[in-house]
Structures are given as structure tokens and as C-alpha cells.
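Mapped onto mature numbering (1 follows the signal peptide of the UniProt record, and there is no 0), the consecutive letters of the sequence shown carry residue numbers -27 to -1, 1 to 562. Virtual Cβ for every residue (Gly too), placed ideally from N, Cα, C.
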Amino acid sequence: MRLCLSAPLRMAAVFLFSCSLAGAAWAAGASSDASPPPLLGETGAVTALPDVPTPPTRPCVVPLFSDVPFANFTPKSFDYTPPARCRGPWARVVLVMDWSVTAGRQFDRTASLWLGGVNIYFGTTQEPSSNISPHWQIQRDLTDYSALLRQPQSGRSILGNVVNSTYTGIISGSAKLVFYPGPAPKTPDMIVPLSSNPDGDTMSVSPGAPQVGRTLDLPRNMVAIYMDVYAQSQASDEFWPFCVPDVVADELYTCGGSGFRQTMVYIDGQPAGVAPVYPWIYTGGVSPALWRPIPGVQTLDFRPFRVNLTPFAAQLDDGQPHAVTLGVTNTGDHFSMAANLLIYRDPVRKIVTGALTRNTLEADPAQQDDIETLSDTQTRVTTTSARDFSLAGYVMTSRGRVDTQVHQQMAFSSVQDFTISDTQYRQTLDQHTQVHVTTQVDGLGPTRTTTRTIAFPLYFDYNDYVGSDGLERLAMQVDQSFDRTRRSEQAGHVLFRDHLHNEVTPAVQYNFDASGNLTSVSPWTGAQHVHYDNSLGQCFDRRLTSDTYDLLDVTDGEGCGGHNRYNWTPLMNLGGGFVIGNEDALWRW
């Protein structure tokens, strides 16, 4: 039996099958009720996600760079100037990026985009095939970052790539900002990056550098502070969901260090916030065939977790330098980190006072690893962790005292079952991450409350076995989801509610003869379901199914009464839309 393919960590290195990618055509500015569906027969990457909804005003387009090749590890610089014809206010700002890679062999690569040192995009790329040159497009709502875009800035795109006689794929990219004039939502007054240098770059958390960040000189009139946090697993941490405690890692043929990761935010060494680590699986991960033509959830476009640091506003308003740092629990090799502070300031007072009144957050989460020997061939590893903490503080603003309370609950569980014998290696993973955040603001009128619940379920089954017929079969299936529910209330009355579900379910089986030669790949299927609805009457539902390389079916509107209703409305600026930040701003001066 060929057990050389018996563990996910080795799969990425030994599988020779490559993936192609071609993106659905997303048109910035589309304001129809439904985004155009991808074309049947598409052999690249297709997505069920809708376009960013935009207002019906005439936009201004600012190119950032065009058809820039990425064939080495040199960052590509560009200059940005705000649009003269659209000076603001902006109802919406959309970043549109087009990427491609020439046919041949190439790994998936990490890509990031920076403006004024601020991260405005983070994701990975697709792998090409020998005869297909993939291309794809990313849209990202940057309305919350409008303060950054009001001044000229230098920027750069970072996408390290090796091109030689073996790795021949050259990645190219273009990017532009699209500005839509109109009544603007209340957006942060200031964006402050946490990056490894002033021009912008990721920070690396590792066992040798458990905390990374910056010491900042911040303004003295901050009234609300949020942080957008990314934690991208790299190297041996890439497959962290499949890891187990070190004591059994070798005998189970998988990675050590435990299958649990979590991001911590610190202010002057004090625990100040927690962000879950999403289990992104890249397009070369485990087996590239799993992600043809439908990539994993958020694989090409990571989404940050937004941490509310407002209870610490008064502490940071004292005029002293403050260290803001990040760490990742159980880091084995390293995580690439990016984070931005989104700051609201008092429009009248130059100095705001107040206090942090409650912080029950501990630095290290309670974690339990249980190892059970079920039989001579079966082992179960269970990992759990839970948090329940509260943060509270107040600021004395020009409009009176404002109190903010944040209550966050987090639950993580992972159950991995291993069957290892002379004829079988099977590893199944059933992982669940759930975060529930309640934020209450008192002052500036009636009490306002938001609740946000996010769930990251991941199921994975890797089964390499030899049947009674002497033939080897390697079967894999994945069920990966992102679920989010948000709710905003004022004085007990619901102002806004929405729900998002994004699920990808690929499966593939490799069939080998008795000599270990690949004879067929079947079945080879994929599916994605995206559903969104909100209290404004909007609804979007799209289902994709694929077989081998080809997109077979697109079903629109099934979960919305047969018709998608997802177009721009000015009320979206009050409640948030599909791709707006994870938590609604409660500061309406």
C-alpha cells in the first residue's frame, strides 16, 4: 500500500495535479437586482458571491496599477491621488482587482495591497494548469476606509513569486478604486496601520516573536476604536486544523502543536481583544482538485475580524505612546499578520477623558486536549477551548458621557478520528468555531445594542484505503462554511438585521491500480451555496454545482422566493450590507 500520501501535510507537496482559475466577470457599478451568474462550462474558479451593490450615481475611477507582472519578490510601487471630479462625500468606494497567471506550473501565492501603509487587501492566488491561464477578479468595499482615501498616498502590492524553468507561471495584476458620489455613511475619521514598515507589509508571529505590532502616538480625542485583524497561517501552520498534540503527532502522521489557534490583541501588554482564526484552505491545499472550479470560502479574498477596542479609548487618549501588539495561540511556525485601527474622534474636543472600568479577559485561553485510544487501529483527538469575557469603559465627549460595554463569548471544538492499519489511513476532522459579541452603548440618546454571531464549521474526510480487489482509492471531501448574523437595536427596537451563509462542499477520489499508477479521478464534484437576507427586504441566493473542471449548474433565487433582490439602497449606509465591515458603527454624531 502507498501510504506516502497518507497525511494532509504531505498531500500539498506530493500531489502533481494543478488547478486553473478564471474569475466571474464582476462589473463595478452594477445596480441590478442580481449580480450576473457565472457561465456554465466555466473551467476556472467561479464564485457564488454577488457583486458589491453600488448607488446609481456616475462613478469616478482611479487606476492604481495595470497589468503588472509578479515574477520575483520585489514589491510593486504605485501612487494614488484622490479623484478630482469626485471630491466627496462618497456613498461607496469599491476596490476592484483583476489577477491572472500564465499557463504552466506555479504555487498558490499570498497577495496583499497597501496604501499609505494600510492594508486594503489580503488573500491568495490560484494555481494554473499546463494549458489554462487562470484569471479572476476581486471586489472589496472600502467605504469604511474613506479617511485614508482623501489624501494622496503612496502604495505597493506585495506578491512574492518564483519564476524559473520549473515554476513557469507569471502572475499579473491590475487594481483600481471606484468612487460613487452621494450621501455618505458615518465612517472612521482616521485609519492607523499595524504593519512591519511605513510602506506596509505583513508582520510575522512565530515562537521566536510571539507578539508583533507597533508603538503608536495616537490623538487625544478618540471616542471609538475598532481593529480589523487578519491572521494567515503559513508554512507548517498552514494545515493547523489537522494538527494534534506533539505527543501523538508522529504516530498519527500529522502535524503537532495542537489543532487550535486564536489571535490575541494587546495594549501595553494587557489583553484587550480576541479574534478567531478562520481555517482558510488555499487552492494548493491538501489536493488542488478539491478547489476546481470552485475555490474555498474566502480563499482568494480574506475577510478580517473586527475587534471593538472602544472600552480602551480613554486609556489611549492620555497623550502617551502605547504599544498595540498581536499574538497567535499555539503558533508552530509562523502567521502573517495585518491589522488596521479604525478611529472615530470627537469633532469638538481636542482632549477626551474617561476610564476603562472592566476587563475580565485573560491572556491565555483555557484549552483541553483529550486523546482516546478506541482500538488497535483507531484514535480520537478532541480539542476544546472557551472564553467568556467583558470589557467596559467610558469617554467624556463634547456631547456628554458615553459608556461602551462589550461582552464576547467564544467556543471552539475539534474532533479528529484516525484509522491507521496496513490497508487504510483515514483522518476525519469535525471543527466548530463560534463567536458571539454583544456591544451596548449608553449616551448620545437611547441605548443602542448590536449583536454579532459568527460560526466557522469545517468538516474534512481524508480516506486512503486498499479494497478487497487490491486497488487503492484515495477519497477526500470537505464541507467549509462561514455564517454570520448581525442585529442592531435602539431602545429595544430592531433597526437592522441580516444573515449571511457561504458554504463550499467539494469531493474528489483518486483511483490507483495495484502498481500504484493513477487510473482515474472520479468522482470529482464541487458545490457552493451563498445566501444573504436582511430586514430591508433584500435577499440573495445562489447555488453552484460542478463536475471535474466544469461548472454544471447555476441556480439563482431559490431561497428568495425565486428572485434575487440585492440592489443598492441608501438605507444600507445605516445598517450595513453584504460586504461592509463586521460590526456596525454606533457613533452617529
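Measure from the alpha carbon of residue i to the alpha carbon of each residue in the options, then state which is nearest.
| i | options | result |
| --- | --- | --- |
| residue 582 | 198, 119, 131 and 184 | Examination of residue 582 is not possible in this model, given that the chain is present from -27 through 562 alone. |
| residue 280 | 396, 418, 200 and 18 | 200 |
| residue 146 | 107, 366 and 382 | 107 |
| residue 69 | 79, 53 and 34 | 34 |
| residue 428 | 454, 39 and 50 | 454 |
| residue 31 | 325, 121 and 152 | 152 |
| residue 377 | 328, 403 and 401 | 328 |
| residue 304 | 276, 369, 298 and 236 | 236 |
| residue 506 | 498, 488, 62 and 471 | 471 |
| residue 604 | 315, 347, 330 and 385 | The chain is shown only over -27 to 562; residue 604 falls outside these bounds and no answer can be derived. |
| residue 136 | 77, 230 and 243 | 77 |
| residue 89 | 53, 450 and 57 | 53 |
| residue 460 | 482, 383, 409 and 448 | 409 |
| residue 86 | 431, 41, 60 and 319 | 41 |
| residue 458 | 157, 489, 302 and 423 | 423 |
| residue 133 | 24, 156 and 48 | 48 |
| residue 418 | 393, 375, 191 and 103 | 375 |
| residue 404 | 310, 253 and 296 | 253 |
| residue 117 | 50, 473, 513 and 91 | 91 |
By how many angstroms is the C-alpha of residue j removed from the C-alpha of residue i?
| i | j | result |
| --- | --- | --- |
| residue 646 | residue 353 | With the chain represented from -27 up to 562, any question about residue 646 goes unanswered, as that position is not in the structure. |
| residue 493 | residue 261 | 16 Å |
| residue 176 | residue 436 | 36 Å |
| residue 341 | residue 387 | 10 Å |
| residue 249 | residue 234 | 8 Å |
| residue 110 | residue 71 | 4 Å |
| residue 174 | residue 323 | 32 Å |
| residue 576 | residue 300 | This structure does not reach residue 576, given that the chain is present from -27 up to 562, and the question cannot be answered. |
| residue 186 | residue 284 | 20 Å |
| residue 227 | residue 214 | 11 Å |
| residue 441 | residue 452 | 29 Å |
| residue 98 | residue 477 | 18 Å |
| residue 489 | residue 450 | 22 Å |
| residue 414 | residue 142 | 51 Å |
| residue 430 | residue 184 | 28 Å |
| residue 530 | residue 538 | 8 Å |
Count the other CB atoms within 10 Å of the CB of residue i; is the residue buried (16 or more) or exposed (fewer)?
| i | result |
| --- | --- |
| residue 345 | exposed |
| residue 45 | exposed |
| residue 170 | exposed |
| residue 536 | exposed |
| residue 467 | exposed |
| residue 62 | exposed |
| residue 166 | buried |
| residue 181 | exposed |
| residue -7 | With a pLDDT of 28 at residue -7, under the threshold of 50, the modelled position of this residue cannot be trusted, and the question is left open. |
| residue 124 | exposed |
| residue 312 | buried |
| residue 540 | buried |
| residue 220 | exposed |
| residue 526 | exposed |
| residue 406 | buried |
| residue 158 | buried |
| residue 104 | exposed |
Pull up the CB-CB distance for residue i and residue j, whole angstroms please, since I reckon it's below 8 Å.
| i | j | result |
| --- | --- | --- |
| residue 245 | residue 251 | Residue 245 to residue 251, Cβ: 20 Å. No contact. |
| residue 598 | residue 81 | In the structure displayed, the chain extends from -27 to 562; residue 598 sits before or after that span and is not available. |
| residue 263 | residue 479 | 4 Å |
| residue 287 | residue 367 | 7 Å |
| residue 321 | residue 290 | About 14 Å separates the two Cβ atoms, so there is no contact after all. |
Classify residue i as helix, strand or coil using the three-state DSSP reduction.
| i | result |
| --- | --- |
| residue 178 | strand |
| residue 213 | helix |
| residue 202 | strand |
| residue -7 | Only weak support is given to the placement of residue -7: the predicted model assigns it a pLDDT of 28, under 50, and the value that follows is read from those uncertain coordinates. Note: residue -7 maps to coil in three-state DSSP. |
| residue 552 | Its pLDDT being 30, under 50, residue 552 is placed unreliably by the model, and the measurement read from it follows with that caveat. Of the three classes helix, strand and coil, the one that applies to residue 552 here is coil, per DSSP. |
| residue 302 | coil |
| residue 450 | strand |
| residue 65 | strand |
| residue 75 | coil |
| residue 109 | strand |
| residue 1 | Because residue 1 sits at a pLDDT of 34, beneath the cut-off of 50, its placement in the model cannot be relied upon, and the following sentence gives the value as read from the coordinates. Three-state result, residue 1: coil. |
| residue 533 | helix |
| residue 286 | helix |
| residue 262 | helix |
| residue 226 | coil |
| residue 527 | strand |
| residue 118 | helix |
| residue 319 | coil |
| residue 24 | coil |
| residue 187 | strand |
Is any non-hydrogen atom of the ligand GTP found closer than 7 Å to the C-beta of residue i, if you look at the structure I gave you?
| i | result |
| --- | --- |
| residue 263 | Looking at this structure, you won't find the ligand GTP or any other ligand, since it has none at all. |
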